[in-house]
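Following this note's numbering, the residues of the sequence shown are numbered contiguously, the last one being 175. Quick reminder that beta carbons are idealized off the backbone N, C-alpha and C, glycines included. Computed from a predicted model, the values in this text were never measured in an experiment. Read the structure below first, then the notes.
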Amino acid sequence: MNDLPLTDMLNTVRGTLDDKYRARETALAHGRALTRTCANAIRAMHRGEFDAARSALKGARGETARISDALAAHPDLFFAGYVQDAHKELAEAEVLLSLICGEILPTPQSLSIETAAYLNGLAEAASEGRRYALDRLRRGDVSRASEMLEAMDEILSALTTLDY
């Protein structure tokens with residue numbers, strides 16, 4: 012047993028696991044920041060503060076890049092739930108802003124996120140659009156509320172075709 016290079020091997024493994032742990036902790040911190048920033052952007056949208064929402068989303072995209080950088084050497088961690096959940100929040104906020112402002116929807120590629128996280132965010136944005144539509148109805152803006160409801164229906168109808 013003394014001839015086995017067990018100590019050297021374990022030291023190498025420990026170093027690898029330490030690196031992975033540090034990357035995970037960094038990604039977790041940026042994921043929490045990304046989630047908070049997206050929530051702030053959505054609140055700003057509901058208040059009609061679109062410049063603030065866009066500014067927050069710019070910061071959110073920076074957090075997304077920092078997550079990718081932190082996990083570049085550990086692609087297995089990129090698909091962890093905490094990363095995908097944070098990316099879902101980015102998609103939700105970006106899609107909601109596009110819906111409210113009548114802009115072209117972002118793509119998973121333009122947001123640098125995976126397709127599944129994007130689709131989950133798309134569904135969440137459609138759900139969040141409900142609040143926006145209700146706010147418009149309270150203000151007597153039936154036309155704008157109807158536009159949002161139509162967009163929500165289109166999104167949900169499209170998503171139901173994706174059964175994999």
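Under three-state DSSP, which class holds residue i?
i	result
Ala-81	helix
Phe-90	coil
Pro-16	coil
Gly-140	helix
Tyr-129	helix
Leu-58	A small fix is needed here, since residue 58 is Arg in this sequence, not Leu. Coil, per DSSP.
Arg-117	Position check: residue 117 holds Pro in this sequence, whereas Arg was assumed. In this structure, Pro-117 counts as coil in the three-state DSSP scheme.
Leu-160	helix
Thr-171	coil
Asp-152	coil
Ser-123	coil
Between the options, which lies nearest to residue i when the distance is taken from Cα to Cα?
i	options	result
Ser-138	Leu-170, Tyr-32 and Met-20	Leu-170
Tyr-143	His-57, Gln-95 and Ser-66	His-57
Ile-111	Ala-83, Leu-88 and Arg-155	Arg-155
Lys-31	Phe-89, Glu-165 and Asp-174	Phe-89
Glu-4	Thr-18, Ala-134 and Arg-33	Outside the shown range of the chain, which is 12 to 175, sits residue 4, and nothing can be said about it.
Assuming contact is defined by CB atoms lying nearer than 9 angstroms, are residue i and residue j in contact in what I supplied?
i	j	result
Arg-81	Leu-45	The amino acid at residue 81 is misidentified as Arg; the sequence shows Ala. Cβ atoms of Ala-81 and Leu-45: not closer than 9 angstroms.
Ala-63	Leu-107	no
Pro-49	Glu-103	First, the amino acid is wrong: residue 49 is Cys here, not Pro. In contact: Cys-49 and Glu-103 (Cβ atoms closer than 9 angstroms).
Glu-75	Leu-39	The question names Glu, but residue 75 in the sequence shown is Thr. No; because the gap between Cβ atoms is not below 9 angstroms, this pair is not in contact.
Met-163	Gly-132	no
Leu-122	Glu-105	yes
Ala-52	Asp-96	no
Arg-35	His-98	no
His-41	Arg-65	no
Just confirm the distance between the C-beta atoms of residue i and residue j, as a whole number of angstroms; I'd bet it's less than 8 angstroms.
i	j	result
Glu-125	Pro-119	7 angstroms
Arg-147	Met-159	7 angstroms
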